[in-house]
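First to last, the sequence lines map onto chains A and B. For what it's worth, my numbering labels the leading residue of the first sequence as 197, then goes sequentially. For what it's worth, my numbering labels the leading residue of the second sequence as 197, then goes sequentially. A virtual CB, placed ideally from N, CA and C, is assigned to each residue, including glycine.
Protein chains: 2
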Amino acid sequence: MTTGDADIKIRILSAAKKLFAENGFDKTTVRQICEEAGANVALVSYHFGGKENMFYALFDYYFPNNQIAELDPMQLDPVEGVRLIVREVTNFRYSDYQLINIIQQEVIMNTDRIEKIRKHVMPMWGKLRYWLKEGREQGLFQFNSLDNTLFSIIGTLLFHRNSQYWAILHEEERSSKEAIVEDLTLFILGGLYYRGE
Amino acid sequence: MTTGDADIKIRILSAAKKLFAENGFDKTTVRQICEEAGANVALVSYHFGGKENMFYALFDYYFPNNQIAELDPMQLDPVEGVRLIVREVTNFRYSDYQLINIIQQEVIMNTDRIEKIRKHVMPMWGKLRYWLKEGREQGLFQFNSLDNTLFSIIGTLLFHRNSQYWAILHEEERSSKEAIVEDLTLFILGGLYYRGE
DNA sequence: GTCTATATGGGGATAGAC
DNA sequence: GTCTATCCCCATATAGAC
Chain A
197 MTTGDADIKI
207 RILSAAKKLF
217 AENGFDKTTV
227 RQICEEAGAN
237 VALVSYHFGG
247 KENMFYALFD
257 YYFPNNQIAE
267 LDPMQLDPVE
277 GVRLIVREVT
287 NFRYSDYQLI
297 NIIQQEVIMN
307 TDRIEKIRKH
317 VMPMWGKLRY
327 WLKEGREQGL
337 FQFNSLDNTL
347 FSIIGTLLFH
357 RNSQYWAILH
367 EEERSSKEAI
377 VEDLTLFILG
387 GLYYRGE
Chain B
197 MTTGDADIKI
207 RILSAAKKLF
217 AENGFDKTTV
227 RQICEEAGAN
237 VALVSYHFGG
247 KENMFYALFD
257 YYFPNNQIAE
267 LDPMQLDPVE
277 GVRLIVREVT
287 NFRYSDYQLI
297 NIIQQEVIMN
307 TDRIEKIRKH
317 VMPMWGKLRY
327 WLKEGREQGL
337 FQFNSLDNTL
347 FSIIGTLLFH
357 RNSQYWAILH
367 EEERSSKEAI
377 VEDLTLFILG
387 GLYYRGE
């Protein structure tokens, strides 16, 4: 099945995801999206009820169900929890960097669309918070402020090195996904002063 | 001197900085800016030559000259260098969070305006890279990939916890600037497996 | 379901009066 | 230098033909 054969609605969503990730929601026009999808401009309104509703449809369609969402954080010890988060976030980044990009844009730009994104994303950070707290109480981790530490980790994980803007700072070859997970895990557990193993 | 008395050009730049930080460059209209500044719409074109040039004027006017820019990184040992970066970035965040916000937006949205921002910001990260490399060679720091580690640190420092979006994750009282510098420094040096002192 | 043609609104810029 | 009025462009959405 080529792209041209796929359901027209999906083709539109796919084109929208690509273009939103590249240029942002506002700067991407419905015309561009439909040109990219090989569809007529009017179809966005017809099938989704406008540009904004198309955005939500895109999100519902593409956002993955990760394991963490339904996980009871008490089932995992804090170190394993932190490891899991690093792995999942990095997997997500690799499996759909466009969607990550869009989320990041929406969060940073503080759009009125983030409300709908929140419910997909927040549960994970809530669990990270739990594991940090638990890990400190068990003497595994050391830090002062839980809030500050939580945001240091979120920053480390979410920050995007993909934009051309940062290319000038790269000197090494691009790491594999596994190497990145490893480096992130080491850095974060080090930052938590975990001295296990 | 009240805001109303200030030079009209400065009042416009100040209003623009505020509104760009809140709503982004694209979603902020020249009309809004001029209303906020108590100025006439036509003045933006007259004084700056259009909305985009006003943006650059804003940037040239407000971007601080930090000490790091002219510093020779060899004059500082790597640990002191890292400490300095954490301090400077956090100071900047506190002294002008609007400008930080704007920079972040421009970087994430990959606008064509970032070119002009680059020259202000990049020298700092180049020096951080130098200190990391030097620190590893001196046996002070431990990590695998220099690139990955550099971006972990940049992510930790730049990531913004100010937006309302994250409020739900905060449980403690807001830390003082000094406490945040301390926590960030501990986390980052820990992540680098620095065991000094 | 899909198309063309058009309505509608809003934004940046500027001509020309003061 | 500052104002008002207006121009022009471009984006979304939709009416109505097929």
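Rounded to the nearest angstrom, how far is the Cβ of residue i from that of residue j, given a contact under 8 angstroms?
i: K214 of chain B; j: E232 of chain B; result: 7 angstroms
i: I304 of chain A; j: Q271 of chain B; result: I304 of chain A to Q271 of chain B, Cβ: 35 angstroms. No contact.
i: L324 of chain B; j: I281 of chain B; result: 5 angstroms
i: G387 of chain B; j: G386 of chain A; result: 4 angstroms
i: A217 of chain B; j: Q294 of chain B; result: 4 angstroms
i: T286 of chain B; j: V377 of chain B; result: 5 angstroms
Going by C-alpha distance, which of the options is nearest residue i?
i: Y252 of chain A; options: A:D308, A:V275, A:Q338, A:A363; result: A:D308
i: Y138 of chain B; options: B:E330, B:N219, B:L239; result: No statement about residue 138 of chain B is possible, as the shown extent of chain B runs from 197 to 393 and does not include it.
i: I313 of chain B; options: A:Q294, A:Q228, A:G277, A:W362; result: A:W362
i: R207 of chain B; options: B:I229, B:G335, B:K223; result: B:I229
i: S291 of chain B; options: B:F259, B:L254, B:A265, B:T225; result: B:F259
i: F221 of chain A; options: A:I299, A:S341, A:W321, A:E266; result: A:I299
i: A265 of chain B; options: B:M318, B:E333, B:S210; result: B:M318
i: L209 of chain A; options: A:Y242, A:L254, A:A238; result: A:L254
i: P269 of chain B; options: B:N261, B:Y326, B:N306, B:R289; result: B:Y326
I want to verify the contact list: residues of chain B whose CB lies under 7 angstroms from the CB of residue i, in sequence order.
i: D222 of chain A; result: D222, K223
i: G277 of chain A; result: By Cβ distance, chain B contributes nothing, its closest Cβ being about 16 angstroms from G277 of chain A, past 7 angstroms.
i: Q300 of chain A; result: I304
i: F216 of chain A; result: None at all; the shortest Cβ gap to chain B is about 11 angstroms.
Can you give the Cα-Cα distance for residue i and residue j, rounded to whole angstroms?
i: F339 of chain B; j: E368 of chain B; result: 32 angstroms
i: T199 of chain A; j: Y257 of chain A; result: With a pLDDT of only 49 at T199 of chain A, under 50, the local geometry of the prediction cannot be trusted, and no value is derived from it.
i: P274 of chain A; j: L328 of chain A; result: 7 angstroms
i: F348 of chain B; j: G277 of chain B; result: Position check: residue 348 of chain B holds Ser in this sequence, whereas Phe was assumed. Taking the straight line from one Cα to the other gives about 16 angstroms.
i: K373 of chain B; j: V240 of chain A; result: 48 angstroms
i: M197 of chain B; j: I204 of chain B; result: Annotation note: pLDDT 39 at M197 of chain B (below 50); position unreliable, no value reported.
i: A375 of chain B; j: T345 of chain A; result: 12 angstroms
i: R370 of chain A; j: H356 of chain A; result: 14 angstroms
i: T224 of chain A; j: N219 of chain B; result: 17 angstroms
i: G392 of chain B; j: L336 of chain B; result: 8 angstroms
i: R279 of chain A; j: T381 of chain A; result: 6 angstroms
i: F244 of chain A; j: H316 of chain A; result: 21 angstroms
i: R283 of chain B; j: Q263 of chain A; result: 38 angstroms
i: N249 of chain A; j: M320 of chain B; result: 42 angstroms
i: A211 of chain B; j: A238 of chain B; result: 15 angstroms
i: G322 of chain A; j: A235 of chain B; result: 46 angstroms
i: I310 of chain A; j: Y242 of chain A; result: 24 angstroms
i: D343 of chain A; j: D379 of chain B; result: 10 angstroms
i: Q360 of chain A; j: F383 of chain A; result: 24 angstroms
i: L267 of chain A; j: L267 of chain B; result: 49 angstroms
i: E333 of chain B; j: S341 of chain B; result: 13 angstroms
i: R289 of chain A; j: L354 of chain B; result: 19 angstroms
i: N358 of chain A; j: N358 of chain B; result: 23 angstroms
i: H366 of chain A; j: N261 of chain B; result: 25 angstroms
i: N306 of chain B; j: I364 of chain B; result: 28 angstroms
Following the continuous alpha helix (DSSP H) through residue i, name the residue where it begins and the one where it ends.
i: T352 of chain A; result: 342-354
i: V303 of chain B; result: 293-305
i: V317 of chain B; result: 310-333
i: F243 of chain A; result: Residue identity check: residue 243 of chain A is His in the sequence provided, not Phe. Where H243 of chain A is concerned, the enclosing alpha helix (DSSP H) stretches over 238-244.
i: A212 of chain B; result: 204-219
i: T224 of chain A; result: Premise fails: T224 of chain A is in no alpha helix (DSSP H) and is neither H nor E.
i: P384 of chain A; result: Rather than Pro, the amino acid found at residue 384 of chain A in this sequence is Ile. 373-387 is the extent of the alpha helix (DSSP H) around I384 of chain A.
i: A253 of chain B; result: 247-258
What in chain A is Cβ-close to residue i, meaning under 8 angstroms?
i: Y361 of chain B; result: V303, N306, I310, R314
i: M318 of chain B; result: I364, L365
Which residues in chain B have a C-beta closer than 8 angstroms to the C-beta of residue i? List them in chain order.
i: F339 of chain A; result: D379, L382, F383
i: Y290 of chain A; result: Under the 8 angstroms cutoff, chain B gives no residues; its nearest Cβ is about 14 angstroms from Y290 of chain A.
i: S372 of chain A; result: Under the 8 angstroms cutoff, chain B gives no residues; its nearest Cβ is about 10 angstroms from S372 of chain A.
Please list the partners that residue i has in chain A, where partner means a Cβ-to-Cβ separation under 7 angstroms.
i: L346 of chain B; result: L365
i: T443 of chain B; result: The displayed coordinates of chain B run from 197 to 393. Any statement about residue 443 of chain B would go beyond what the structure contains.
i: E368 of chain B; result: S341, L342, D343
i: F355 of chain B; result: F347, I350, G351, L354, F355
i: R325 of chain B; result: L365
Strictly below 9 angstroms CB to CB, what residues from chain B border residue i?
i: L328 of chain A; result: Residues of chain B passing the Cβ test: none, with the nearest at roughly 11 angstroms.
i: I376 of chain A; result: S341, N344
So which residues of chain A does residue i contact, with C-beta pairs closer than 9 angstroms?
i: L388 of chain B; result: F383, G386, G387
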